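Q: Residues in the sequence shown are numbered consecutively from 2, following this note's numbering.
Cβ atoms here follow ideal geometry from the backbone N, Cα and C, with glycine treated the same way.
Note that the structure is predicted; figures quoted are calculated from it, not measured.
Before I ask anything, here is the structure I am working with.
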Amino acid sequence: MNIDIQAEEFTPRRQTFSHIARRFGEDRPASRYEEATYDIQPTTNFHYRPTYSPEFELYDTARTKVVMADWYVFRDPRQFYYATYNISRAAMQQSFDDAMTFVDKRNLLGSVNAEWLAKVEWYLLPLRHVEWAANMNCQLIADWGYGAQITSASAFCGADRLGLGQIISRIGLLLGRGTDEKLVEAKRVFTADPDWQPLRRVVEDLLVVHDWFETYVAQLVVLDGLIYPLITEAFDKAGGPNGASSVSMLTGFMTDWFADNSRWTDAVLKAAAAESDANRELLSEWLSKWTARARDAIEPIARQVLGDLGAVAVRESEAALEARVSQFGLSIKLELAA
């Protein structure tokens, strides 16, 4: 008996989903990121308005003063969808776990100057509460934002912030020799220490901002843009003479994460600014307002850690932020803060 095996070639009728083909004007294979983010924002057939803000539809472009002709220009250069996001963050988590294990097994924190280690506990551990607030802000953007490109990336960023808070908590447990002693003290510092109260006020005020794009600018561009360079550069450098290389190993993830997240935030800021003069004026106003508030709030913390050099370090972070946003035709004018 003869068996004749032949190969048959099947040509798919469509290369991608119809809404993707309409978006690009051709039926071509699309990437997973494109299929997961383009043109999936609900736009019609809403059954009710939200009871907490009946002036808006359930999904409404009017929730922000920023105006866009196309809300799908906020492309994430990292092209994160569920799979790629988890692959990326698993690698970051593994890197931190390796550093944590290395420092713990060799008791490297024991070689850090005791006075400096107390400063590390004072400036680093309370940031877990700042990260929790950042998660809330990112999830608000994901909830009230418009267009799946920016809302999905914001949801991923919100998950990042919970992860960052948990990692800082793990550092606190290590510093407390397996107890929550240092974390309890960090909460007291965040809620009661006079030098932390200006930043706490900014963080709490930001939780009740109703324009989601202003929240985006204030949290992800301004606050992160001032705090992260201060922690990972100025404070880290000051720890060198105090034998704090092990602290640098534990906080290295913050440098990597901030650089990665800034790629996305810069892309969003660039696209919004390029849309119109009105957007550029509005974004510059928000940048000026929140930079002034954040700078004044962070200075007491920097002075406590760096002494007289604290104000200089804050100004350097501020100058770096100004240079960063100026690439997109935006400016920070601190006199506008009043």
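At which residues does the alpha helix (DSSP H) containing I169 begin and terminate?
A: Where I169 is concerned, the enclosing alpha helix (DSSP H) stretches over 149–176.
Q: Our contact map puts R76 next to Q150 with C-beta atoms below 8 Å; I'd like the distance itself, whole angstroms only.
A: Contact holds; Cβ gap of about 6 Å.
Q: Is it right to say S112 is buried, meaning 16 or more other beta carbons lie within 10 angstroms of its own, or is it exposed?
A: Result: exposed.
Q: Looking at C-alpha atoms only, which residue of M69, I4, E317, D40 is the closest neighbour of R23?
A: Checking every option, the nearest Cα to that of R23 belongs to D40.
Q: Within its chain, find whatever has a CB closer than 6 Å to the CB of Y83; leave out the 5 residues flanking it on each side and keep chain order.
A: If we look at Y83 and ignore the five residues flanking it on each side, it has no Cβ neighbours.
Q: Excluding sequence positions up to five away, which residues of its chain have a Cβ less than 7 Å from the Cβ of D196?
A: Excluding residues within five positions, the ones whose Cβ falls inside 7 Å are P301, I302, Q305.
Q: Report back the beta-carbon spacing between M81 and F18 to the nearest angstrom; my notes put them in contact at under 8 Å.
A: It is worth fixing the name first, because residue 81 is Phe in this sequence and not Met. Between F18 and F81 the Cβ distance is about 19 Å, and since that is not below 8 Å, they are no contact.
Q: Grab me the residues of A314's own chain with a C-beta within less than 7 Å of its C-beta, minus the 5 sequence neighbours each way, in chain order.
A: L231, A235, A303, L307, listed in sequence order.
Q: In whole angstroms, what separates the C-alpha of R162 from that of I169?
A: Rounded to the nearest angstrom, the two C-alpha atoms are 11 Å apart.
Q: Nearest CA to the CA of L109: which residue from L176, T233, T292?
A: Ranking L176, T233, T292 by Cα distance to L109 puts L176 first.
Q: With DSSP as the reference, label H48 as helix, strand or coil.
A: H48 falls in the coil class under three-state DSSP.
Q: Does the CB of P199 have a neighbour CB from chain C at under 8 Å?
A: Note that chain C does not occur in the displayed structure, where there is just one protein chain.
Q: Applying the criterion that 16 or more other CB atoms from any shown protein chain within 10 Å of the CB defines a buried residue, is K120 buried or exposed?
A: Buried is the call here.
Q: Nearest CA to the CA of L125: which residue from R33, K106, L174?
A: Nearest option by C-alpha distance: L174.
Q: If you draw a straight line from the C-alpha of A295 to the C-alpha of R129, how long is it?
A: If you take the alpha carbons of A295 and R129, they lie about 17 Å apart.
Q: Are the Cβ atoms of W72 and G148 separated by less than 8 Å?
A: Cβ distance < 8 Å, so W72 and G148 count as in contact.
Q: Taking Y53 as part of the alpha helix (DSSP H), name the residues at either end of that continuous run.
A: Counting along the chain, Y53 falls outside any alpha helix (DSSP H), and DSSP gives it neither H nor E.
Q: Just to confirm, is the Cβ distance from L227 to E319 under 8 Å?
A: Taking 8 Å as the Cβ cut-off, L227 and E319 qualify as a contacting pair.
Q: Does DSSP classify K188 as helix, strand or coil?
A: Helix, per DSSP.
Q: What are the start and end residues of the alpha helix (DSSP H) that includes D278?
A: Run containing D278: 278–307, per the alpha helix (DSSP H) assignment.
Q: Would you grab the beta carbon distance between W123 and V190 for me? Rounded to a whole angstrom, and I think it's under 8 Å.
A: Confirmed, Cβ separation roughly 6 Å.
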